[in-house]
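**Q** Before I ask anything, here is the structure I am working with.
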Amino acid sequence: MRYNFDEVVDRRGTNCIKYDFAKERGMPEGLLPLWVADMDFKTPLQVIDSLVKSARHGIFGYSDSKDDYFQAVANWFAKRHNYDVKAGWLKKTPGVVFALTMAIRAYTEPGEAVLIQSPVYYPFTGCSEDNDRKVIGTQLILKDGRYEIDFDDFEKKIKENNIRLFLLCNPHNPVGRVWTKEELLTMGQLCKKYGCVVFSDEIHCDFIFPGHRHQVFGALSSDLADISVIATAPSKTFNLAGLQIANLFIPNPSLKSALNLEIKRTGFSQMNTMGLVSCQSAYEHGWDWLDQLLSYLEGNLNLARDFFRDRLSPFTLIEPEGTYLLWFDGRGLGLKQGELNKLMIEKANLWLDDGAIFGPGGEGFQRINMACPRSTLLAALERLALALK
Ligand SMILES: Cc1ncc(COP(=O)(O)O)c(C=O)c1O
């Protein structure tokens, strides 16, 4: 079956935060939104059918998952990511950000420090600070158009701040790096040396461009599996964010029980039934759909790359290795802090994510979500070109 990702689905009036909450979020009405990381594509038909079947049953009592659910998840990670998981490692949570918060509470105490690599997905900072943890950032270095890790600074920050938890974004949102095995090993060994747990957020792992390969942090070695929590979800991959489902893998029983205790303290127990249904169905039936989506996104990336080169100078696109998020450098325009964002809103009529929200190193950059029909992306790029004029 061929899927039509060119189809423009009108999302207005569905209460989605991307299109329907501009006013509530302090934005003018009528902007073209390419900010939050969900897609403008429908989830695979088989997933919709599974949800409809479940809805038609008509009883929405407490649910949990059985072995067929685990098999669907495990098969996905074994075949697509060469990562073999055991049933005892699985912990389901209502989202990755919830899990991240639980990890912060389980593995650190108030006042202690957490390490992040900025610029990074902003809840890494927000959730830490909301829980009275100190955020220590080691900034990624942009060198010849590609972000790199300053390993000396990474080690120094861990050592000096007695870091016990590192929040890794693998692949990295917003800079689009797909960390290599060597980079992950170096980070992992440093964390192990200083007794630091690694929470590896791998929610974007299914979006990898040709020439790159996702390495699951927990599959590096048994030593590193032992200090890690691997957070995955079908939500980015199959556009299911509103169904709030994530699957964590925690091989170390003491790390798992500490996290379980923290989750229990919130009062949370059963997952949302529809989240479970959609996740299993997506991992069972979504293979072909995802392959087609990946080649469509590659087409979007080709379009954006050419457009930036030919029409958007002095903006520079940072070539993404993974994720469906484009990160571009607007510093060449020489605007003062905040003015680039104003240009996006007031002149380009675009609602993007301002790079500054991702922390140090993000100022002067913007993030564009390109998981939309090509016509939408082209319209956004044309708006950018007009604003530059
Ligand atoms: C790196 C990263 N982690 C987590 C999330 C959100 O995960 P969830 O909706 O499962 O909390 C996002 C969404 O953009 C993300 O980019």
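56 is the number of the first residue of the sequence shown in our numbering; add one for each residue after it.
The beta carbon of each residue, even a glycine, is placed where N, CA and C say it ideally should be.
#1: Answer yes if the segment 408–418 comes into contact with the segment 324–341, meaning at least three C-beta pairs across the two stretches below 8 angstroms, and no otherwise.
#2: Going by the CB atoms, is the gap between Leu279 and Lys247 shorter than 8 angstroms?
#3: Return the Cβ separation of Leu439 and Leu405 in integer angstroms, given the expectation that the two are a contact with Cβ distance under 8 angstroms.
#4: Excluding the 5 residues preceding and the 5 following Asp408 in the sequence, name in chain order all residues of the same chain whose CB lies nearer than 6 angstroms to its CB.
#5: Considering only their Cβ atoms, is the gap separating Ile258 from Ser309 smaller than 8 angstroms?
#6: Whose C-alpha, out of Pro265, Asp361, Ser324 and Gly387, is nearest the C-alpha of Tyr117?
#7: So Cys251 and Ile218 are in contact, right, with Cβ under 8 angstroms, and what is the actual spacing, rounded?
#8: In angstroms, rounded to a whole number, what distance separates the CA positions of Val230 and His112?
#9: Less than 8 angstroms between C-beta atoms, sequence neighbours within five positions excluded: which residues of the same chain meet that for Leu155?
#10: Can you tell me the Cα-Cα spacing of Ala274 and Phe304, whole angstroms?
#11: To the nearest angstrom, report how far apart Leu367 and Tyr74 are at their CA atoms.
#12: Below 8 angstroms on the Cβ atoms is my contact criterion, and I expect Asn228 with Tyr176 to pass it. Report the Cβ-Cβ distance as a whole number of Å.
#13: Does DSSP classify Gly387 as helix, strand or coil?
#14: Measuring CB to CB, does Leu295 end up less than 8 angstroms from Thr98?
#15: Specify the secondary structure class of Asn396 as computed by DSSP and reduced to three states.
#16: Return the first residue and the last residue of the alpha helix (DSSP H) that Asp207 is part of.
#17: Indicate the three-state DSSP secondary structure (helix, strand or coil) for Thr193 in the structure shown.
#18: In whole angstroms, what separates the C-alpha of Gly243 from that of Gly354?
#19: Got a sec, what are the start and stop residues for the alpha helix (DSSP H) Glu203 sits in?
#20: Does Lys236 come out as helix, strand or coil in the three-state DSSP assignment?
#21: When you compare each of Tyr124, Gly322 and His269 to Cys334 by their alpha carbons, which one comes out closest?
#22: Within the same chain, show all residues whose beta-carbon is closer than 6 angstroms to that of Asp384, passing over the 5 residues directly before and after it, in chain order.
#23: Which partner residues does Ala168 have in the DSSP bridge list?
#24: Check whether the Cβ of Gly150 sits closer than 7 angstroms to any heavy atom of ligand 1, and report yes or no.
#25: Kindly identify the DSSP beta-bridge partner or partners of Trp131.
#26: For the alpha helix (DSSP H) that Ile159 lies in, which residues bound it at each end?
#27: What ranges does the beta strand (DSSP E) occupy inside the segment 239–316, keeping only unbroken runs of at least 3 residues that lie completely in it?
#28: So, Leu298 versus Asn327, is the Cβ gap smaller than 8 angstroms?
#29: Taking the beta strand (DSSP E) that Phe420 belongs to, which residues open and close that run?
#30: With a Cβ-Cβ cutoff of 8 angstroms, do Val152 and Gly377 count as a contact?
#31: Check each candidate in Leu195, Asp187, Gly387 and Arg160 and name the one with the smallest Cα separation from Gln172.
#32: Report the partner residues of Pro223 according to the DSSP bridge assignment.
#33: Going by the beta-carbon positions, is the gap between Val63 and Pro306 smaller than 8 angstroms?
#34: Give the DSSP bridge partners of Lys198, in chain order.
#35: Which partner residues of Thr148 appear in the DSSP bridge assignment?
#36: Is it the case that the CB of Cys246 approaches a heavy atom of ligand 1 more closely than 7 angstroms?
**A** Taking the definition as stated:
#1: no
#2: yes
#3: 7 angstroms
#4: Trp90 and Arg422
#5: no
#6: Ser324
#7: 5 angstroms
#8: 44 angstroms
#9: Pro178, Phe179, Cys182, Leu222, Phe254, Asp256 and Ala286
#10: 11 angstroms
#11: 25 angstroms
#12: 5 angstroms
#13: helix
#14: yes
#15: helix
#16: Phe206 to Asn216
#17: strand
#18: 34 angstroms
#19: Counting along the chain, Glu203 falls outside any alpha helix (DSSP H), though it belongs to the beta strand (DSSP E) covering Arg201 to Glu203.
#20: helix
#21: Tyr124
#22: Thr371 and Phe420
#23: Lys189
#24: yes
#25: Trp131 pairs with nothing; no bridge assigned.
#26: Val151 to Tyr162
#27: 252–256, 283–287 and 301–304
#28: yes
#29: Phe420 to Asn424
#30: no
#31: Leu195
#32: With the sequence shown as reference, residue 223 is identified as Leu, and Pro is not the correct amino acid for it. Bridge partners of Leu223: Ser255.
#33: no
#34: Arg201
#35: Ala301
#36: no
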